[in-house]
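*Asks:*
2 protein chains.
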Amino acid sequence: MTRTDENVRYPLRSKRPDYAPGSGARSVQNVLGVLEGRWKLIILFELFGGRLKRFSELERAIPAISQKMLIQQLRQLERDGVVARIVHPEVPPRVEYHLTEWGQRLCPALDQLLIWAESAPDEIRQALIVPEG
Amino acid sequence: MTRTDENVRYPLRSKRPDYAPGSGARSVQNVLGVLEGRWKLIILFELFGGRLKRFSELERAIPAISQKMLIQQLRQLERDGVVARIVHPEVPPRVEYHLTEWGQRLCPALDQLLIWAESAPDEIRQALIVPEG
DNA sequence: CAGCATCCGCTACGATACTG
DNA sequence: CAGTATCGTAGCGGATGCTG
Chain Z
1 MTRTDENVRY
11 PLRSKRPDYA
21 PGSGARSVQN
31 VLGVLEGRWK
41 LIILFELFGG
51 RLKRFSELER
61 AIPAISQKML
71 IQQLRQLERD
81 GVVARIVHPE
91 VPPRVEYHLT
101 EWGQRLCPAL
111 DQLLIWAESA
121 PDEIRQALIV
131 PEG
Chain E
1 MTRTDENVRY
11 PLRSKRPDYA
21 PGSGARSVQN
31 VLGVLEGRWK
41 LIILFELFGG
51 RLKRFSELER
61 AIPAISQKML
71 IQQLRQLERD
81 GVVARIVHPE
91 VPPRVEYHLT
101 EWGQRLCPAL
111 DQLLIWAESA
121 PDEIRQALIV
131 PEG
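Going down the list, the sequences are from chains Z and E.
Heads up, the first sequence is in full-length UniProt numbering, so the first residue is 1 and it goes up one at a time.
Heads up, the second sequence is in full-length UniProt numbering, so the first residue is 1 and it goes up one at a time.
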């Protein structure tokens, strides 16, 4: 068992705000927490493109991610019902990931987010450039 | 100067992935990083509702946030051109926050996110309930 | 190939106390 | 009222090595 990592659920990051407790807002915040995590969005963007993707395909598609993080984020997304995993009973093993039905419904939202991001004023895009590779 | 906190810019969480370097993807990732942070979305939702809001109004609206975090997140949002700050030269001081024009353009995206969040299957909403207050 | 296990640095976040 | 300063901590995320 890992010490801290891994299977913790943290809606909108670790301890949730007791924000409008009991109301709809609270649960919406919880649900949005599903998207938290450094690589979740990137992974989702990747899966939107190509229906089914193998673990190694995702690794190649996102060179900067470590194996640990890739698995961890995928597992959390799976646990939260956004992506699903297909294990092919073969040797060597083949595992494929894809979006669940609910996960696919994210598309419009992410599209809008992209549109917004691309509408960023030049000054802001400039300011956001982080030097050093 | 604070040790680590505060004025760090961390697109999509601290060190960005050298994901599709040079392409548009990279800068989109950077821009989306603007929304990162535990309270950013909550604050933005709050500001969508009521045009101008005072610091203390935000505090009251989001009881679980600490002063430090509220300021920090507001400052970052301000720096990134999403919210703006109006300081009224009065005693006692009055400061009001509101969305910039670009910030307002986030509305469709956040709307879609809400729609998605509310479309969560009951099983998932159930699973997301975190016990203990 | 897909994945766990483990050690570890770093930092985002929280709680508390103080100020103009 | 609207902040700043400081300290302590959880746990995210990286690197490396091992397994079926």
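Glycine included, C-beta positions come from ideal geometry on N, C-alpha and C.
Quick check: LEU113 of chain Z and ALA109 of chain E, are their CB atoms within less than 8 Å of each other?
*Replies:* For LEU113 of chain Z and ALA109 of chain E, yes; Cβs fall inside 8 Å.
*Asks:* Comparing C-alpha positions only, which one of E:ASP80, E:ALA61, E:ASP111 sits nearest to ILE129 of chain Z?
*Replies:* It is E:ASP80.
*Asks:* In whole angstroms, what is the alpha-carbon distance linking LEU106 of chain Z and GLN126 of chain Z?
*Replies:* Cα to Cα, LEU106 of chain Z sits roughly 29 Å from GLN126 of chain Z.
*Asks:* Am I right that LEU77 of chain Z and ILE124 of chain Z are in contact with their C-beta atoms under 8 Å? What's the rounded C-beta distance?
*Replies:* LEU77 of chain Z to ILE124 of chain Z, Cβ: 29 Å. No contact.
*Asks:* Restricting to Cα atoms, I'd like to know which of Z:SER27, Z:ASN30, Z:TRP39 is closest to ASN30 of chain E.
*Replies:* If we check each option's Cα against that of ASN30 of chain E, Z:TRP39 comes out closest.
*Asks:* Going straight from the alpha carbon of LEU74 of chain Z to that of VAL83 of chain Z, what length do you get?
*Replies:* When rounded, the distance between both Cα atoms is 7 Å.
*Asks:* Assuming LEU35 of chain E and GLU46 of chain E are in contact, meaning their beta carbons sit under 8 Å apart, how far apart are those beta carbons, in whole angstroms?
*Replies:* 14 Å between Cβ atoms; not a contact.
*Asks:* Is the shortest distance between the beta-carbon of VAL31 of chain Z and the beta-carbons of chain E less than 8 Å?
*Replies:* Interface residue, yes.
*Asks:* Between Z:ARG85, Z:GLU118, Z:SER27, Z:ILE115, which has its C-alpha nearest PHE55 of chain Z's C-alpha?
*Replies:* Comparing Cα-Cα distances from PHE55 of chain Z to each of Z:ARG85, Z:GLU118, Z:SER27, Z:ILE115, the minimum goes to Z:ARG85.
*Asks:* Compute the beta-carbon to beta-carbon distance between ALA61 of chain Z and VAL28 of chain E, rounded to the nearest angstrom, for a pair I have assumed lies under 8 Å.
*Replies:* Incorrect: roughly 15 Å between the Cβ atoms, too far for contact.
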